[in-house]
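Number of protein chains: 4
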Amino acid sequence: MVDLSRIAPVLENLAIEVPSWAYGNSGTRFKVFQTPGTPRTVQEKIADAAKVNELTGLAPTVALHIPWDKVENYSELSGFAQELGVTLGTINSNTFQDDIYKFGSLTHSDAAVRNKALDHMYECIDIMNVTGSQDLKIWLADGTNYPGQGDMRSRQDWLHDSLQKVYERLGDDQRMVLEYKFFEPAFYHTDVPDWGTSYAHTLALGEKAMVCLDTGHHAPGTNIEFIVAQLIRLGKLGSFDFNSRFYADDDLIVGAADPFQLFRIMYEVARGGALDPASNVALMLDQCHNLEEKIPGQIRSVMNVQEMTARALLVDRDALTRAQESGDVLGAHAVFMDAFYTDVRLGLAEWRESRGLPADPMAAYAAGGYQGTINADREGGQQAGWGA
Amino acid sequence: MVDLSRIAPVLENLAIEVPSWAYGNSGTRFKVFQTPGTPRTVQEKIADAAKVNELTGLAPTVALHIPWDKVENYSELSGFAQELGVTLGTINSNTFQDDIYKFGSLTHSDAAVRNKALDHMYECIDIMNVTGSQDLKIWLADGTNYPGQGDMRSRQDWLHDSLQKVYERLGDDQRMVLEYKFFEPAFYHTDVPDWGTSYAHTLALGEKAMVCLDTGHHAPGTNIEFIVAQLIRLGKLGSFDFNSRFYADDDLIVGAADPFQLFRIMYEVARGGALDPASNVALMLDQCHNLEEKIPGQIRSVMNVQEMTARALLVDRDALTRAQESGDVLGAHAVFMDAFYTDVRLGLAEWRESRGLPADPMAAYAAGGYQGTINADREGGQQAGWGA
Amino acid sequence: MVDLSRIAPVLENLAIEVPSWAYGNSGTRFKVFQTPGTPRTVQEKIADAAKVNELTGLAPTVALHIPWDKVENYSELSGFAQELGVTLGTINSNTFQDDIYKFGSLTHSDAAVRNKALDHMYECIDIMNVTGSQDLKIWLADGTNYPGQGDMRSRQDWLHDSLQKVYERLGDDQRMVLEYKFFEPAFYHTDVPDWGTSYAHTLALGEKAMVCLDTGHHAPGTNIEFIVAQLIRLGKLGSFDFNSRFYADDDLIVGAADPFQLFRIMYEVARGGALDPASNVALMLDQCHNLEEKIPGQIRSVMNVQEMTARALLVDRDALTRAQESGDVLGAHAVFMDAFYTDVRLGLAEWRESRGLPADPMAAYAAGGYQGTINADREGGQQAGWGA
Amino acid sequence: MVDLSRIAPVLENLAIEVPSWAYGNSGTRFKVFQTPGTPRTVQEKIADAAKVNELTGLAPTVALHIPWDKVENYSELSGFAQELGVTLGTINSNTFQDDIYKFGSLTHSDAAVRNKALDHMYECIDIMNVTGSQDLKIWLADGTNYPGQGDMRSRQDWLHDSLQKVYERLGDDQRMVLEYKFFEPAFYHTDVPDWGTSYAHTLALGEKAMVCLDTGHHAPGTNIEFIVAQLIRLGKLGSFDFNSRFYADDDLIVGAADPFQLFRIMYEVARGGALDPASNVALMLDQCHNLEEKIPGQIRSVMNVQEMTARALLVDRDALTRAQESGDVLGAHAVFMDAFYTDVRLGLAEWRESRGLPADPMAAYAAGGYQGTINADREGGQQAGWGA
């Protein structure tokens, strides 16, 4: 069994925020399947998230999505979460489900529409002021479907103006993280399609504006870990949205589609110092469990991040550097792969037990009665999904 | 103005089937926008389709989708359509929206599920027997999201068995067209992902089974016109689902994303003899008008096919062959491009007028009162969409 | 340490053919770097291949490429190989480096060019008759760069005629394996671009014609293991060309770019029975070591195939089937991943030792003096590469 | 015939730099075909380029590539060019063909290698000082083939340091244009893979550093015209390398693979003001004529840019804005497409004649005796290619 004591301090600090919406229903344009036990309220989502944290010790915060998680009293919601052992995290804005946003939100040619979207952003900041959340996440569905439909250039200018107004509302300890996405739901052009665009905008705004990197939002063949390394180097990587994909933005369990890619990403995260306590790079899941069970899906996800982080931390950096600098291609690659191929699962199980956690959180969840309880308790009502 | 008389006989025969669902609402997993005037019933969809045919002379048949277009009496529906000047065409089956199909339909490991899907296919054939439709279209959403989730190999065997049963029910003048799709809604594997799979299955079934090629269902970089040429050569191209896309299965207006690709496709269609009266290759649209107006979207679509067909027919085949055989790369390319760059729009306008059609169907639609009428008439009720 | 005894019989039979050209220089259109010790002759290539087999026990045969490996006396060459403990394997034809093939070979519009290419194929069969090789591999660079440059449809017909003639020359125990490739060196269209095309042609020829699947020859996002499963099911998978890639046909070390993909491929190979002694699916490398050392690169490659085969064989098939049939997505995925994450390296090392092989072939090669010897011995002369 | 008088002033200023290497041989890693009449010297390349300019009036400058175009006396070369009616343009550096650059040049871990690459850049600037060239183009082949092979993060720092040193050598009227490329010749990671990286580096350097956008250097599905619009907006678009591609960096004739994409790009160029006389965005070809004739290939290329520029300029910007701002998706798209579909060829022919140029430069070239003369004159010697 591999000895993890060297890397234990970093593992100790590892925290992965979970998204409230992962516990609700999701699907494709063809069909959204429902499952028993699905939360009807944000409180039930938080309870599920708290169960994930209870069993893994890895998920101490829950991201909210407004308006899907809208409540009357966010202070109360915050207290509710804390009683369950978790806190409220990133506030995710939504300017893509109102009819008025059909042709854009922060990028719309009509100032009235942009103002409505701005009001929503301000509302999110108000919520952050109550919940104590650090990050306002802005992901825009804005874009066009047909060449000529919109003026791409002007939309960038409108976007800058809009973001500037939001930025000015941020408190001293608050940040804006601007997510980019290659495509979907817009097909021809997306207003924030790549890290370069997000970087250019956040750079123009100031140091409280950072880039959010969603691992599923890139063109085929893109070397994502390079972007991770680059953004850390530029001091502009604010947060991750973890998931995995085969072709489009599949939002599958992180590490499921290409575990080696996750390893390479976590290596660059560690290499760049983003796992240091002083770093402020936030790790978060953004996934959809369309077919699989949701709570176990989240448990598996945070464990995947933990396992690949452990492997990445096991890379013998000195040996790697020596091989790299001597032009020993196969030697350097072997040092790298040796860490990836090391089976850390037993070591992590033991380490979990040493912290009073179940050695096997998946088994512990299956053996516990939680799923049966919620299946029974959550009969009736409107299951949560993307629409509400 | 280019002289189209040489190609007029082929233009005369050009017919593009329109899908009933193009007139209903559609969207992405993020949002389905509604528009005024959207049909509430299949009769209203057919009325819209008839308007497209009235203005263009290009769309004499309407494809139905079961159960979205389910009615009590298909004979009556057929008569309704004929009164409006169109006929009912391909019957599109749907085995992806029932909860039982969560893990597959014709490919499911459980025979009970496969039988339910088979019953649906039989129901579709029953409808065809009433409507006189030639083609049963089978597009399967079947697949898996995670490696290991299903047994890809066994699923092929189950698929073959299922298709065999459907095949046996086909009447003498009926065909099955098996559509393939690269990805979506399944993310890891799709049971009919490529033309090779569709070809292998339809070949095993017999001559009444053919391949349906949807122009949006290929991996990036795929040379679609090669597949068109190959399937025509193999005698296995049954039908087209026309649309266009930038990255995924965008279902945009055919010719909108890459007009030159549509030209190349239509060239191979003509080259392979599939525009001959004796050919039985069916041309059909399969599109979604998420943001744009639906009826004008369909008018534009059939006109795009017409325009690119005209350009493709203008290729000087003799000059092309001469250049090809002499290894004159630039010369051959120039012959090809000359046809593509020829502006056929004025010629087609005149040709339309000569047949008693509006020279500019888009303008004629805008000037006519149809949209205003349906906007007013179709207040209330449940707008049609993919769910109903 | 994982117990491999259950899977030992299959490991025992595992054999991976190595390509002679992997030991020569290769590169990109920008630069071919040379390295010390590179063979100048086919005999030196075979000696290097024999060293790989000596240290791994995995590579008993060497593929030749004609004309790169042309010699006067193939019987003598065969004896030379056997003295070094290996035998000559697949004969790879080459119709892409003669000026006459600029616009095609077996697909050329000019029968004289096709005949020249046919003569080359016959020459390869003559060599096979001497070496006792089973497989004639046909990979065609044929295609066009510009739309209109060639007649795709006629080229398919010419291809069929050409292949038919080659097929008729095959001896009773000989096979033709027809390789497909998505793109390169032709940019617009490739005459055998996908498995469907290779399948259609080999099906038309007969049972001695099979498909060769090169793992680097697919469009982005293609599920290669599905094709593996399908071709095995159809009885048409003749052989593999193993390598790995990030974007194009990188020809990197198999398993280097996406080890999980190699695992999934080997799982379908095992699942489909293609590792059974009765199977005739040939495993072969087709790689280029542009930057890394060549002999260690080949050792690493065959070990990667061995390691991933071992992992794939460790999948608990019964547990997997149970989970699949009960719709337990996460459970089935976990069974699959458990095998992938199992560290088989120590077990394989022990198993190697039990067969009299070095536990660590990479270390054994580095410690042995072979590289030093060839670096010294192979001074001067013309290093082998793709041109000779 | 369309009236081009409105756009004539812009057409009048249109100038497209041609690359000296387009006149030499090029190919793929599989084969470089030779053609009669191929230049042996830089003077012969310049003569060919001058012929292109003579017939089209579009190509007044020729880019050089060092060391391929190395001469003793650049002042003399400059005079030679001017006598033929053209001037020397961009100096393209090359740090990818020396053995020392096997593992990198400006990004190499070894300062000695970086210094050698720097010396080459200084040499290029020295040449610029003589030729009066404005731009030093830096395209780096730097990258790695295997995960772990190099330290991506440190290489960025070394790159910055190297570029800083080059930047400091630039004269007041000189610029550095930093080209990015998605992949090739490195397969795993490329040190300047995307516009974001090039932007970040050139921003850090200062206003004399700009981004070079090669239209063939993007991942599949990338919206290139968006990047064009963004870089113009950010004031960082220095120059274009025009070509076209189907999958990889095919270096085909610009506009050949996707004419509509070239139209969209030229629209954004015009929209952003980059065709204004005050703009300093340089248009340049970077192509390889592997199979087609080279001089006609270049003539076709500059004409393609001219034709698509004309179409882009014909877009009715007022009508487009009105449609965009009213949410008229189909209307806006139609305005856009109307310009694309307008056949400008006859108008341009007339406009050429009015300037004393041949109406049809391709026909004029074929009718003139130039190709015959060079085929005869350039017997013997070493044809120019990428190696020399």
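Residue numbers (this note's numbering), protein chains in the order written: chain A, 1 to 388; chain B, 389 to 776; chain C, 777 to 1164; chain D, 1165 to 1552. Every residue gets a Cβ at the ideal spot worked out from N, C-alpha and C, and that includes glycine.
Where G297(A) and Y1411(D) are concerned, what is the direct C-alpha to C-alpha distance, given to the nearest angstrom?
-> Along the first sequence, one-based indexing puts residue 297(A) at 297. Along the fourth sequence, one-based indexing puts residue 1411(D) at 247. Cα to Cα, G297(A) sits roughly 36 Å from Y1411(D).
Whole-number beta carbon distance between Q1488(D) and D151(A), since they are thought to touch under 8 Å: Walking along the first sequence from the start, residue 151(A) turns up at place 151. Walking along the fourth sequence from the start, residue 1488(D) turns up at place 324. Rounded to the nearest angstrom, the Cβ distance from D151(A) to Q1488(D) is 6 Å, consistent with a contact under 8 Å.
Self-check item: For P60(A), three-class secondary structure by DSSP
Solution: Sequence index remark: in the first sequence, residue 60(A) carries index 60 (1-based). In the structure shown, P60(A) sits in coil (DSSP, three-state: anything other than H, G, I, E or B).
Q | Positions along the segment 707–720 of chain B whose CB lies within less than 7 Å of some CB in chain D | A | Hits within the stretch, in order: V717 and L718.
Inset, instruction - For my contact list, V281(A) and G238(A) are in at a C-beta cut-off of 8 Å; report their separation, rounded to the angstrom. - result: For the purposes of this step, residue 281(A) is taken as residue 281 along the first sequence, with counting starting at 1. For the purposes of this step, residue 238(A) is taken as residue 238 along the first sequence, with counting starting at 1. Confirmed, Cβ separation roughly 7 Å.
- prompt: Name the chain D residues that come within less than 7 Å of L234(A), Cβ to Cβ?
  reply: What you label residue 234(A) is simply residue 234 of the first sequence in a count that begins at 1. Near L234(A) (Cβ distances below 7 Å), the residues of chain D are A1364.
- With DSSP as the reference, label P815(C) as helix, strand or coil. Locating residue 815(C) in the third sequence gives position 39, counting from the first residue. Secondary structure at P815(C): coil, using DSSP grouped into helix, strand and coil.
Notebook entry, point to check: So with Cβ pairs under 8 Å, would you call G1073(C) a contact of chain A?
Noted result: Along the third sequence, one-based indexing puts residue 1073(C) at 297. Yes, G1073(C) lies at the interface with chain A (some Cβ there is under 8 Å from its Cβ).
Check: Can L1449(D) and P1183(D) be called in contact, C-beta distance under 8 Å?
Finding: Taking the fourth sequence and counting its residues from 1, the one referred to as residue 1449(D) is at position 285. Taking the fourth sequence and counting its residues from 1, the one referred to as residue 1183(D) is at position 19. Yes; because the gap between Cβ atoms is below 8 Å, this pair is in contact.
Check your understanding: Which runs of the alpha helix (DSSP H), 4 residues or longer, sit entirely within the segment 286–318 of chain A?
Key -> Counting only runs of 4 or more, we get 294–313.
message = Counting only C-beta atoms, is G37(A) closer than 8 Å to chain D at any point?
response = As a first step, residue 37(A) must be located in the first sequence, where it is residue number 37. So, not an interface residue.
Item checked: Range covered by the beta strand (DSSP E) that runs through A985(C) -> As a first step, residue 985(C) must be located in the third sequence, where it is residue number 209. Unbroken beta strand (DSSP E) run through A985(C): A985 to D990.
field: Three-state secondary structure (DSSP) of G372(A)
entry: The residue you call residue 372(A) lines up with position 372 of the first sequence. G372(A) falls in the helix class under three-state DSSP.
Short-range partners of chain D found in the segment 563–594 of chain B, where Cβ spacing is below 8 Å
Taking 8 Å as the Cβ-Cβ cut-off, the segment 563–594 of chain B has no residue approaching chain D.
Query - Own chain residues within Cβ distance below 7 Å of H508(B), not counting five before or after - result: As a first step, residue 508(B) is located in the second sequence; it is residue number 120 there, counting from the start. Its chain contains S481 and T483 as the residues whose beta carbon lies nearer than 7 Å to that of H508(B), once the 5 sequence neighbours on both sides are disregarded; these appear in chain order.
**Request:** Assign L1122(C) to one of two classes, buried (16 or more other C-beta atoms within 10 Å of its C-beta) or exposed (fewer than that).
**Result:** Taking the first residue of the third sequence as position 1, residue 1122(C) is located at position 346. Exposed, since its Cβ has fewer than 16 Cβ neighbours within 10 Å.
- prompt: In the DSSP assignment, what residue or residues form a beta bridge with K1280(D)?
  reply: Sequence index remark: in the fourth sequence, residue 1280(D) carries index 116 (1-based). The partner list for K1280(D) (beta bridge, DSSP) is empty, contrary to what the question assumes.
Check: Using the C-alpha atoms, what's the distance from F30(A) back to K525(B)?
Finding: The residue given as residue 525(B) occupies position 137 in the second sequence. The residue given as residue 30(A) occupies position 30 in the first sequence. In this structure, the straight-line span from the alpha carbon of K525(B) to that of F30(A) is close to 17 Å.
On the DSSP bridge list, what partners appear for N1256(D)?
Counting from 1 along the fourth sequence, the entry for residue 1256(D) is found at position 92. N1256(D) is bridged to H1229(D) and K1301(D).
**Supposed close pair L1323(D), H1365(D) - CB separation, criterion 8 Å** = Taking the fourth sequence and counting its residues from 1, one reaches residue 1323(D) at position 159. Taking the fourth sequence and counting its residues from 1, one reaches residue 1365(D) at position 201. Contact between L1323(D) and H1365(D) holds, since their C-beta atoms are separated by about 7 Å, short of 8 Å.
* Within chain D, the residues that T222(A) reaches when beta carbons sit closer than 9 Å -> Translated into positions along the first sequence, residue 222(A) becomes position 222. Chain D residues near T222(A): F1346, P1357, D1358 and A1383.
Continuous beta strand (DSSP E) assignments of at least 3 residues falling wholly in the segment 223–278 of chain A:
The segment 223–278 of chain A contains these whole beta strand (DSSP E) runs: 237–241.
Discussion item. Tell me the DSSP secondary structure of R1131(C) in three-state form.
Written reply: Here residue 1131(C) refers to the residue found at position 355 of the third sequence. In this structure, DSSP gives R1131(C) a state outside helix and strand, which the three-state scheme calls coil.
Exercise. Can you name the residues of chain B whose CB is closer than 9 Å to the CB of F1267(D)?
Worked result: Here the question's residue 1267(D) lines up with position 103 in the fourth sequence. Within 9 Å Cβ-Cβ: nothing; F1267(D) doesn't reach chain B, min ~30 Å.
Under the three-state DSSP convention, the category P407(B) falls into: For the purposes of this step, residue 407(B) is taken as the residue at position 19 of the second sequence. Reduced to three states, the DSSP call for P407(B) is strand.
Next item on the list: Can you tell me the Cβ-Cβ gap for F1018(C) and A995(C), rounded? I've got them flagged as a contact below 8 Å.
Entry: Translated into positions along the third sequence, residue 1018(C) becomes position 242. Translated into positions along the third sequence, residue 995(C) becomes position 219. About 19 Å; that fails the 8 Å criterion.
- Under 8 Å Cβ-Cβ, which residues of chain A neighbour F628(B)? Numbered from 1 along the second sequence, position 240 holds the residue referred to as residue 628(B). Within chain A, no C-beta atom comes less than 8 Å from the C-beta of F628(B); the nearest is roughly 20 Å away.
Next on the checklist: I'd like to know whether the C-beta atoms of T837(C) and V818(C) end up nearer to each other than 8 Å.
Outcome noted: Sequence index remark: in the third sequence, residue 837(C) carries index 61 (1-based). Sequence index remark: in the third sequence, residue 818(C) carries index 42 (1-based). Inclusion of T837(C) and V818(C) in the CB contact set at 8 Å is not warranted, their separation being larger than that value.
Residue of W971(C), M986(C), G982(C) and S1020(C) minimising C-alpha distance to T610(B):
If you number the second sequence from 1, residue 610(B) lands on position 222. With respect to the C-alpha of T610(B), the residue from W971(C), M986(C), G982(C) and S1020(C) having the closest C-alpha is W971(C).
Hey, quick one: how far does the alpha helix (DSSP H) through R931(C) stretch, first residue to last?
-> Locating residue 931(C) in the third sequence gives position 155, where the first residue counts as 1. First-last of the alpha helix (DSSP H) with R931(C): M928 to R945.
According to DSSP, residues forming a beta bridge with T1118(C): Position 342 of the third sequence, counting from 1, holds the residue named residue 1118(C). Residue pairing by DSSP places T1118(C) in no beta bridge whatsoever.
| Any idea if S1020(C) is buried or exposed, counting beta-carbon neighbours within 10 angstroms, 16 or more meaning buried? | Position 244 of the third sequence, counting from 1, holds the residue named residue 1020(C). S1020(C) should be labelled buried.
Requested in this report: Answer with buried or exposed for A1442(D), where buried requires no fewer than 16 other C-beta atoms within 10 angstroms of its C-beta.
Outcome: Numbered from its first residue, the fourth sequence carries residue 1442(D) at position 278. Exposed is the call here.
Report task. For chain B, find out if any of its Cβ atoms is closer than 8 Å to the Cβ of N375(A); answer yes or no. Result -> By 1-based counting over the first sequence, the position of residue 375(A) is 375. It does not; no Cβ of chain B falls within 8 Å.
- For chain B, find out if any of its Cβ atoms is closer than 8 Å to the Cβ of E1389(D); answer yes or no. On the fourth sequence, residue 1389(D) is found 225 positions in, with the first residue counted as 1. Using a Cβ-Cβ cut-off of 8 Å, E1389(D) does not count as an interface residue toward chain B, since no Cβ of chain B sits closer than that to its own.
Q. Can the beta-carbon of R779(B) be found less than 8 Å from the beta-carbon of V732(B)?
A. Past the boundaries of the shown model lies residue 779(B); chain B is included only from 389 to 776, so the question cannot be answered.
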